[in-house]
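Everything below concerns the one structure shown next.
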Amino acid sequence: MRYLIILLCFLYQCFGEGTVPDQVHLSFTGDMTEMAVVWNTFAEASQDVYYKKIGIGASSTAKGSSEAWVYGGITRYRHKATMTGLDYSSEYEYTIASRTFSFKTLSNNPQSYKVCVFGDLGYWHGNSTESIIKHGLAGDFDFIVHLGDIAYDLHTNNGQVGDSYLNVFEPLISKMPYMVIAGNHEDDYQNFTNYQKRFSVPDNGHNDNQFYSFDLGPVHWVGVSTENYGYYYSYGMDPVMTQYDWLKRDLTTANSNRAATPWIFTFQHRPFYCSNVNSAECQSFENRLVRTGWLDMPGLEPLFLQNSVDFGFWGHEHSYERFYPVADRTYWNDPNAYVNPKAPVYLISGSAGCHTPDAWFSDQPWPWSAARNNDYGWSIVTIANRTHVRVEQISIDKNEQTVDDFWVIKDEGYTHSGEMRRASSGTKFPAQKCHFKDVACQRSLKEINEEL
Ligand SMILES: [Fe+2]
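The sequence shown lines up with residues 589 to 1040 when you count with the numbering used here.
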C-alpha cells in the first residue's frame, strides 16, 4: 500500500492532479488500418497519443481531442484519438502522457478470427470478469462485443462505478477493441450520457453510439439499439425512425455485398424471443415492440428477414439460450437446422455477471428454444471462414467448461430469404393466452390464430 501511495504521489506531482489517463480502451473505427482510443481524466489536459510499431520505425502522433462532461457533480474529461496508417498483422505500442500500452492489428481482410461475446456484466457482480480478462490476455479472442448493460451501472454512485469497471477491464480493453451497444441500464436519465461519453464506435450510424456497423473479413457486424424502443416514451419516436431508416439502408447494402462479405451478424440488447419466467420481460410490451413494432413504429424482425440476417446476439436475460432458426414464430428444428438455416439464428448470452439471481426458464419453453443454461458465463464466437461459424458457451459455475457448442454452416452464396419464400412452413407455435392489458400480445395472437 505504501508503495502505491508513493507511486500515486509521484504521478500526481509529475503530471498534475487528475490528469493521469485512466479507463483507456480501444475500438474499431470501421477502417481496419485505424484504431480509436478513448480515455478519461479528471482534470483538463491536452493529451496526444504517440504510437509506433514495436521495434520498428519512428513514432507517429494521433492528435487527441477532449471534451468536458459533468455527471453527478463530477467533471470528467473524455479524450479520444485515432491511430491511423496501421500495418496489418503488426504489434504497436502507444503512449498517453505517462502510460504505455500495446495492441496487435489483425491481418488484411481476415477470414478467420474469434470474438468474445457477452452481455449484462457488472462491476460488483462481475462473475465472468476474471475469466474474460485471463482468456483475452492469453490471445483466445481478437475483440469483444458487449451486448449492453455495462457495469450496473455506468452512472451509479455519480459515475464512479463506471470508472471502476473500465479501470478493471483496462488491462484487456487497452489491448483489443471493446465494441459496445447500449442496454436498458445505460439510460442514466440524461439520455445515455455516460454511455455516449465513455465509448467510441464507428461513426457510420448517428454518432451517438446507439447504432453502427463495420465489416471485418467475411462478416458485416451491425450494432442495433433496442433502447430507442424501450425508452420511446422518454425520448420520442425520432430515434426509432432514424435508426430504422439507417438500418434498412445498411442491411440492404450489406445484403447486396454478399460476394465480399457473406455473413450478416447483428447484436443488440433486448431479445426478440426468450423463455425466461422470472420476470414478465419475455412478454412485456417494450420487448415485443422491438420485434413487432406498434402502430406507426416499425419493428426490427421484418428487416432482418428481408435482408437475410444470419445471426443475432442478444443480452438482457441473465442466462444463455440458443434458438432454432426462427422467423416470425415459424421455426425449423430438424437435425440439420443449422446447415443452410432457413431463418436467422439467434442467441442470448446475458449471463456474464449481474445484480439479480438466476433467470429461471419455463418448464415449457418456446418450441424454437434449442438449448438453455443458467450458469454464469460468456461466449466465444469463431468465424472459421466464409461458410462456417462456431459458438461455444463457457460456464463460470462449471470451472470454464463448455456447456453449449454448435456450428452454423451455409453453402457459398446461400442466403435464407429465397429459401424461406419457397419453403413449406416450418412448425408454428401453438396459440397462447395473453394478459388482458397486453394489447401487443393480443394483436399477435389474433394474427397467429388467423394463420393457423
Ligand atoms: Fe437489460
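Note that beta-carbon positions come from the ideal geometry of N, C-alpha and C, so glycine has one too.
Partner residues in the beta bridge of residue 864, as assigned by DSSP, are 949.
Proximity of the beta carbon of residue 660 to ligand 1 is not indicated: no heavy atom of the ligand is located closer than 7 Å. Its chain contains 695 as the residues whose beta carbon lies nearer than 6 Å to that of residue 677, once the 5 sequence neighbours on both sides are disregarded; these appear in chain order. For residue 757, the enclosing alpha helix (DSSP H) begins and ends at 748 to 761. Straight through space, the alpha carbons of residue 639 and residue 763 are spaced by roughly 13 Å. A straight-line Cα-Cα distance of about 36 Å links residue 643 and residue 711. For a cut-off of 8 Å, the C-beta gap from residue 863 to residue 994 is around 17 Å, too long to register as a contact. Following the DSSP letters along the chain, one finds residue 681 inside the beta strand (DSSP E) bounded by residues 679 to 684.
Around the C-beta of residue 699, fewer than 16 other C-beta atoms lie within 10 Å, and the residue is accordingly described as exposed.
The set of residues whose C-beta lies within less than 5 Å of a heavy atom of ligand 1 reads, in chain order, 737, 771, 772, 904. In this structure, the CA atom of residue 879 is about 25 Å from the CA atom of residue 998. Of the residues 849, 623, 783, 716, the one whose Cα lies closest to the Cα of residue 986 is 716.
The alpha helix (DSSP H) runs lying completely inside the stretch 705 to 736 and spanning 4 residues or more are 717 to 725, given in chain order. Residue 909 sits in a strand when the DSSP states are folded into three classes. Here residue 687 is bridged, per DSSP, to 684. Contact holds between the stretch 828 to 843 and the stretch 889 to 906, because three or more Cβ pairs, one in each stretch, are under 8 Å apart. Straight-line spacing of the CA atoms in residue 972 and residue 807 works out to 11 Å. A distance below 6 Å between beta-carbons, with the five flanking residues on each side excluded, links residue 885 to the following residues of its chain, in chain order: 828. Contact annotation: the stretch 715 to 734 does not touch the stretch 907 to 926, with fewer than three C-beta pairs closer than 8 Å. In the displayed model, residue 974 falls within coil according to three-state DSSP, outside both helix and strand. The C-beta distance from residue 621 to residue 672 rounds to 7 Å, short enough to meet the 8 Å contact threshold.
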